[in-house]
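Okay, so here's the structure we're looking at.
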Amino acid sequence: MATPQQLHTLHDQLKAELGSASPNLQKCNQLLTQSKMAMAELGVFTPRPDTDPATLLAARELLETGAYYSVRVKDITSFERYISQLGSYYYDLVSVLPPSSQMHPLMGLNLLRLLSQNRLSEFHTALEAIDPEQLQSNTFIKQAVDLEQFLMEGSYNKVWSTRSTVQGEEFMFFYDILINTIRNEIAGCSEKAYESLPIQDAGTLLFLKNTEELLNFANERGWKVKPGEQKIYFGAEDANAVEIPQEQIITQTLAYARELELIMAALLLFSMVFFVIMFSDLECDYVNPIDLCNKLNKFVLPEMAAHAFLSFLFLVYGSWIALLLNLPLVVYNIRKVTNNRHMYDATEIFRTLSVHKKECFIKLAFYLIVSSKERP
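Residue numbers 29 to 404, in the numbering used here, belong to the letters of the sequence shown in order.
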């Protein structure tokens, strides 16, 4: 069973090794593993206020050292776990433990990590847990807040200029990731905005120090560099570009037009059958003239409009013979409407009944021929 004294001893050994001029990272990892086992035995991975404060303090310092170690070995996932575990010590045990000198540096380091990973929503969530006074007074927190403001403004040159003010190996690690994220964002925009750029301008735009770095970056992005022209050509294809199958869309549209032609021809055919039946009922005295005219007049203009639309579909599909056959009927219907002879008159219906029936039979035969011609 581990004791608090062993935890303190492991922490002192780990801190001394990690703070040396040339730390043995493998030994640090072994010490961290032993420390985690001791913490698990003491039950301080999930700290409680009734636990011995000295033990909690040693566990907190071990987690802080482990967070710095994770950055040294470039293990971002491990760093994220350490920060999550430290949250309980920093915010839930305020009344039990004294303030930690490493709290704000680690919080600033975590904010910089979130910025470098472009996780802005989590960045603002983390800011909510920090004392508002520390946002401008604490150097480590203010550094991350300023960088986020520069990013929102699009002032990438200000982000680059703050490189000289970054302190500590751990902060520089995440800062370099942030710069690389910005560089790739600029490169992606440049590929869409320009066909080519002068090599010198591209280097300045991407914050690259020399031509060798630019050539390596261009090779990673698949760009073509022509030293003779002193230009870079953005030959990388957009992975999100979607090719529109024009021929397929045109073929499908024409097929839909063909199906719609058949539907319209069938509707016109049935409408003429309805007209013939109504006229036959009038002859047999099954319906009076007023009711017949009121019913049929509702369908006269829709029938003419449907036929005009069918003729338009012939034009769209390129059925020139069918279009020529239907044009005379279109003209005939237009003349009837312009001369105000398209409606049925109840006072004249018996005198003109034979003419109307003949017209309906002619249209019925015509629509029947059209529908049979358009059937595939």
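Built from N, CA and C at the ideal position, the CB exists for glycine as well.
Got a sec, what are the start and stop residues for the alpha helix (DSSP H) residue i sits in?
i	result
I169	167-181
I104	104-115
I349	348-366
S149	148-156
E62	What sits at residue 62 in the sequence shown is Gln, not Glu. First-last of the alpha helix (DSSP H) with Q62: 53-70.
P133	131-144
N244	239-249
Kindly say whether residue i, judged by its beta-carbon, lies nearer than 7 Å to any beta-carbon of chain D.
i	result
P255	The displayed structure is made up of one protein chain only, and chain D is not part of it.
Looking at residue i: is its Cβ nearer than 7 Å to the Cβ of residue j?
i	j	result
K87	P32	The residue asked about is misnamed: residue 87 is Ala in this sequence, not Lys. No. Outside cutoff.
L59	T93	no
Y119	C56	no
L90	H39	yes
G136	I169	yes
M300	L357	no
L53	A95	no
V124	P160	no
L242	L236	yes
E198	V122	no
S339	N361	no
Y284	S224	no
H370	V328	yes
Give me, in chain order, the residues of the same chain whose beta-carbon lies closer than 6 Å to that of residue i; leave out the 5 immediate sequence neighbours on both sides.
i	result
Y203	V194
I207	none
P317	A374, I377
N322	none
Q130	E92
Keeping to the same chain, check which residues put their C-beta closer than 8 Å to that of residue i; ignore five residues upstream and five downstream.
i	result
A264	Any answer about A264 is weak, because its pLDDT of 48 lies below 50 and its placement is not dependable; what the coordinates show is given next. For A264, where only same-chain residues beyond five positions count, the Cβ hits under 8 Å are E219, R249, G250, W251.
A215	L234, F245, R249
T239	I227, G231
Y117	P75, L84, A87, R88, L91, L125, S128
E45	P51, N52, K55, C56, L59
L351	S339, F342, L343
N146	T209
Identify, in the order they occur along the chain, each residue of the same chain with its Cβ nearer than 7 Å to the Cβ of residue i, setting aside the five sequence neighbours on each side.
i	result
K447	The requested residue 447 does not occur in the structure, where the chain is confined to residues 29 to 404.
A154	N138, L139, L142
L324	F303, M306, Y372
I210	Y184, V187
A334	M292, L295, L296
F151	L139, L142, L143, E176
Q34	A66
I104	R141
V101	L53
Along the beta strand (DSSP E) that carries residue i, what are the first and last residues, could you check?
i	result
P226	224-226
V99	Not the beta strand (DSSP E): V99 falls in the alpha helix (DSSP H), residues 81-100.
K6	Outside the modelled stretch of the chain, which goes from 29 to 404, sits residue 6, for which no answer is possible.
K43	Looking at the DSSP string, K43 is not in any beta strand (DSSP E); the run it does join, the alpha helix (DSSP H), is 32-46.
K252	252-254
Next item on the list: Give a yes or no on contact between the region 61-81 and the region 158-167, applying the rule of three or more CB pairs nearer than 8 Å.
Entry: Using a Cβ-Cβ distance cut-off of 8 Å, the region 61-81 and the region 158-167 are not in contact, since fewer than three pairs of beta carbons, one from each stretch, lie closer than that value.
Notebook entry, point to check: Does the region 342-350 come close enough to the region 291-301 to have 3 or more Cβ pairs within less than 8 Å?
Noted result: no
Check: At which residue ranges does the region 269-327 contain complete alpha helix (DSSP H) runs of 4 or more residues, listed in the order of the chain?
Finding: 274-311
Notebook entry, point to check: Below 8 Å, can you find three or more Cβ-Cβ pairs linking the region 302-320 to the region 381-388?
Noted result: yes
Next item on the list: Scan the region 189-231 and note each continuous alpha helix (DSSP H) run of 4 residues or more that stays entirely inside, going in chain order.
Entry: Complete alpha helix (DSSP H) runs here, min 4: 197-221.
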